[in-house]
Each structure stands twice: as C-alpha cells, then as structure tokens.
Amino acid sequence: MIDLHSHTTASDGQYPPATLVARAAAAGVTVLAVTDHDTVAGLAEAREAARALGVELVPGIELSAFIHGKEAHILGHFLSPEDPALARFADRLRDERTHRMEAMVARMRELGFPVRMEHVLKVAGDAQLGRPHLARVLVNQGWCLDMKAAFDRFLGTGRAAWVERFKLEGAEAIRLIRDAGGTATLAHPGSSKMERVEIKALAQAGLSGLEVLSQDHNPGLRQKYLALAAEFDLVPTFGSDFHGEEVSPDHRLGVAAMPPELFQKLRARAPGLRA
Numbered sequence: 023m024i025d026l027h028s029h030t031t032a033s034d035g036q037y038p039p040a041t042l043v044a045r046a047a048a049a050g051v052t053v054l055a056v057t058d059h060d061t062v063a064g065l066a067e068a069r070e071a072a073r074a075l076g077v078e079l080v081p082g083i084e085l086s087a088f089i090h091g092k093e094a095h096i097l098g099h100f101l102s103p104e105d106p107a108l109a110r111f112a113d114r115l116r117d118e119r120t121h122r123m124e125a126m127v128a129r130m131r132e133l134g135f136p137v138r139m140e141h142v143l144k145v146a147g148d149a150q151l152g153r154p155h156l157a158r159v160l161v162n163q164g165w166c167l168d169m170k171a172a173f174d175r176f177l178g179t180g181r182a183a184w185v186e187r188f189k190l191e192g193a194e195a196i197r198l199i200r201d202a203g204g205t206a207t208l209a210h211p212g213s214s215k216m217e218r219v220e221i222k223a224l225a226q227a228g229l230s231g232l233e234v235l236s237q238d239h240n241p242g243l244r245q246k247y248l249a250l251a252a253e254f255d256l257v258p259t260f261g262s263d264f265h266g267e268e269v270s271p272d273h274r275l276g277v278a279a280m281p282p283e284l285f286q287k288l289r290a291r292a293p294g295l296r297a
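Everything in the sequence shown is counted per this note's numbering, starting at 23 for the first residue and increasing by one.
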C-alpha cells in the first residue's frame, strides 16, 4: 500500500516520525512519504524507523504556495533533505512562521483571551509553528470545543485572529523541489479549489503529479481531476494527508493506495533519481 502524504510532529502532525511510520506499517502501508509542512526535520528519524520496519520511506515536504491568488499545497517527493537551498528556505520559513504566530497571539489577546507565546511553544515543541498549535492551546484552555471550532471562529482565513502569511509563488515552490532532486505534486486540489487554469499554469512550471485520490474528493471530483491529470500529463497520486486522529479525524492511514505502476511513473520523473 502506497501513501504519499503524511505529517509528523516536525510540523503539525500528532505523532513523532518513528511513531507515524510504525502506525503506517501496522495499517498495511509499505511505501510512505513523510511530507511535513515547510521542513524536512523529521525525515532522519522516519528513515531509521522505516528501515527497521521494512517500509520504503519517500523523503518529502509540503510547501504552501500561491497561484492566481489561490493557496496551493505543493508536495515534494524523492528530494534530497540535505539540499542547501531547501535548508535555507526552511530556515526562512521558520522565522516567518514565528513572526506570524506572535501576531496571531497578539490578536487573541486583543480579543480578551490571555494567550501567550509560551503556551503555543509548549504545544509545538520543536515543530514548525502553525495555526494548529494555537488551535490546540485554545482547546486545552477550554475556549474552543475542538480544533475545527478554533479555526471556524478565530484562525481560519479572514477570521478574527487571522494574519496573512508569507506568499511563495507556485512556480518558485516547484523550482525549489525540483532543484532538490524531487518531483512536485499538487495536493488535494479539490479542497484548494484548483481549477483547470491553475493546474495548467503549475504544469507549465514543472508540476509532475496531481493528488487525485485524496480522501477529500468525492467520485465526481476524482473523475474531474483524473481528466485534468491526463490532459496535462500529470501522474495521479494518492495521499492520506494523515495528521493524527486528534488533528484530522477524517484522514486515516491504510484506507486506500495508489497503484504501484503510477508510483514508479512518478519516481521516474524525479530529477535526482535519473541516471
């Protein structure tokens, strides 16, 4: 079973890398991509766990980018975690995320909630800071019933504590991934409301895959994106987008997989793996 989209505590996932790999193996996953947001920090631990459990680990990342004003999540697969440019970019994003979180905490305080950065940092640990960490604080303090309520009321786009994020262009995200030897795949295009014009532009910038078999896609959306994948010569992929039951209860490991022949087709497009 092949799953090309998962997250650990290195970003906003519930489980440390080794635990994620163990849970994936128990669910029948034989090939797993760890694709944390804006960081490759969890890959070394995941690689050791995968080796011990006989799971093939695909080193990855997920970059949040923008195309025609829409946010697009670009997955990198088969990349080199040691790539210097990617490491510099991850450092820059860590700083950007810290500044953004400080601004969101300040907005929550303006709204009358005594949130402090120390609360968020305690929840996040060494992970890249993200809105789910602040959402967890709001739930832990009893100010929101659950993570969804925290986003719906305060942290979603345009909500009371929303702060605009650093904007990486889609073509630049693809270039970073390809320069690090990897393939670029557009994640959950239906959730991101990606249409033909955005997918065409990303394909022209070097996109290799389209996450057609997302758990967020109903049969109609899958057919729509399968047709677009065929039109623009993109490899249809599957990823669970697993974060953990507490973070995203609707996304589970081991419920579906992409066909091995499509996995090999995507692998063949990785610049770093070509002879």
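Every residue gets a Cβ at the ideal spot worked out from N, C-alpha and C, and that includes glycine.
These figures come from a predicted structure and were not determined experimentally.
Determine the DSSP secondary structure at residue i, reduced to helix, strand or coil.
i, result
"histidine 273", "coil"
"histidine 27", "coil"
"threonine 207", "strand"
"phenylalanine 135", "coil"
"glycine 299", "The first residue shown for the chain is 23 and the last is 297, placing residue 299 beyond what the model contains."
"leucine 65", "helix"
"valine 145", "helix"
"proline 281", "coil"
"phenylalanine 264", "strand"
"proline 258", "strand"
Residues in its own chain within less than 6 Å of residue i by CB, not counting five upstream and five downstream?
i, result
"valine 185", "Arg122, Ala125 and Met126"
"glutamine 237", "His273"
"tyrosine 53", "The question names tyrosine, but residue 53 in the sequence shown is valine. Correct list, in chain order: Ile24 and Glu78."
"valine 277", "none"
"threonine 31", "Pro38 and Ala149"
"methionine 130", "Val137 and Ala183"
"alanine 195", "Leu85, Ala87 and Ile96"
Within its chain, find whatever has a CB closer than 7 Å to the CB of residue i; leave out the 5 residues flanking it on each side and keep chain order.
i, result
"lysine 215", "Lys92"
"arginine 289", "Phe100 and Leu295"
"alanine 297", "Residue confidence is low: alanine 297 scores 48 on pLDDT, short of 50, so the model does not pin down where it sits. Its coordinate-derived value is still stated next. Excluding positions up to five away in sequence, the list is empty."
"phenylalanine 111", "Leu198"
"alanine 279", "Met23, Ile24, Asp25 and Phe260"
"leucine 275", "Asp25, Arg45, Ala46, Ala49, Val51, Ser262 and Phe264"
I'd like to know whether the C-beta atoms of residue i and residue j end up nearer to each other than 8 Å.
i, j, result
"arginine 291", "threonine 179", "no"
"proline 211", "tyrosine 247", "yes"
"leucine 208", "leucine 190", "no"
"leucine 143", "leucine 156", "no"
"aspartate 60", "leucine 85", "yes"
"leucine 75", "alanine 55", "no"
First and last residue of the alpha helix (DSSP H) that includes residue i?
i, result
"glycine 350", "The requested residue 350 does not occur in the structure, where the chain is confined to residues 23 to 297."
"glutamate 191", "Note, glutamate 191: premise wrong, no alpha helix (DSSP H); not H, not E."
"glutamate 233", "Counting along the chain, glutamate 233 falls outside any alpha helix (DSSP H), and DSSP gives it neither H nor E."
"valine 159", "153-162"
"methionine 169", "169-172"
"threonine 41", "39-48"
"proline 241", "241-253"
"leucine 224", "218-226"
Closest Cβ-Cβ distance between residue i and chain C: below 8 Å?
i, result
"glycine 192", "Absence of chain C from the displayed structure is noted, only one protein chain being present."
Name the two residues that bound the continuous beta strand (DSSP E) containing residue i.
i, result
"glutamate 78", "78-89"
"alanine 55", "53-56"
Less than 8 Å between C-beta atoms, sequence neighbours within five positions excluded: which residues of the same chain meet that for residue i?
i, result
"phenylalanine 88", "Ala94, Lys189, Leu190, Glu191 and Gly192"
"leucine 115", "Asp60, Thr61, Gln150 and Phe188"
"methionine 169", "Pro154, Ala157, Arg158, Val161, Glu268 and Val269"
Worksheet item: Can at least three beta-carbon pairs, one atom from the stretch 47-56 and one from the stretch 148-168, be found at a separation below 8 Å?
Response: Between the stretch 47-56 and the stretch 148-168 there are fewer than three inter-stretch CB-CB distances shorter than 8 Å, so the stretches are not counted as touching.
Worksheet item: If we count Cβ pairs, one from each stretch, closer than 8 Å, do we get three or more for the stretch 209-227 versus the stretch 161-178?
Response: Remark: fewer than three beta-carbon pairs, one from each stretch, lie closer than 8 Å, so the stretch 209-227 and the stretch 161-178 are not flagged as touching.
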